[in-house]
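Add 496 to the 1-based position in the sequence shown for the numbering used here, that's all there is to it.
Even glycine gets a Cβ: it sits at the ideal position worked out from N, Cα and C.
Every value quoted in this text rests on a predicted model; they were computed, and no experiment measured them.
Remarks on the structure that follows.
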Amino acid sequence: MLLSIWPLAAQQTAFETPYEPSAEHPFGLPNPQAPQEIRDFAPMIGRCDCKSLARNPDGTWADTVDMVWTFKYIMDGMAVQDETLKADGRHSGSIRQFNPDSSLWYVHYYNSARPLPVLPAWQGTRSDTSIVLFRPQKAPNGMDGYYRITFFRFSGSGYRWLGEWVDLNQKVRYPTWRIWCERSSNP
């Protein structure tokens, strides 16, 4: 009987994790021991109601999809996780960790439409006005380049997101996905 109780007891930590999401702080808190860059995603922490607009395979824009995007601190405030819940049922999320040795964010992405054994990863940094992440990706015509993700227009009321293919010199741009987010009235 004692063994059957152990898994339940093991779920409660024998040590404090004050920066994890809680009733008082539903989206967690940044850990003061984390690199200062853990606060780069602070403008997105919380829940936003969003509109997602992506391209169809033929290059035209699809209908806008309603979406809820939630960001929170995880791993006792040492990393950031996000989750999207979309009206079309194609949900996704990512885990974001900052590596102080490389001064880069590493972002591992997953989704409900296409589970993968190895998660695709982006890397990038934050500037004063945006967070930019890159991942190598060839264009449909075989040209080398990157898929670039940009978070921008941060404000107390929300933010914007752009996904686009760019060439190696970042002179040729082809937007494939746009998201507009407003702070949710239902946190």
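- When only Cα atoms are considered, T621 and E520 end up about 30 Å apart.
- Straight-line spacing of the CA atoms in W676 and C546 works out to 5 Å.
- Uninterrupted beta strand (DSSP E) stretches at least 3 residues long and entirely within the region 575-646 occur at 575-582, 588-595, 600-607, 617-622, 626-632, given in chain order.
- Taking a 10 Å sphere around the C-beta of G524, we find 16 or more other C-beta atoms and assign the residue as buried.
- The Cβ-Cβ distance between I534 and P526 falls below 8 Å.
- Nearest C-alpha to A635 among G555, S588, A530, L612: G555.
- Rounded to whole angstroms, the Cβ separation of L664 and G641 is 6 Å, and the two are in contact under 8 Å.
- In the three-state scheme derived from DSSP, where H, G and I count as helix and E and B as strand, F511 is classed as coil.
- For G654, DSSP records a beta bridge to S651, E678.
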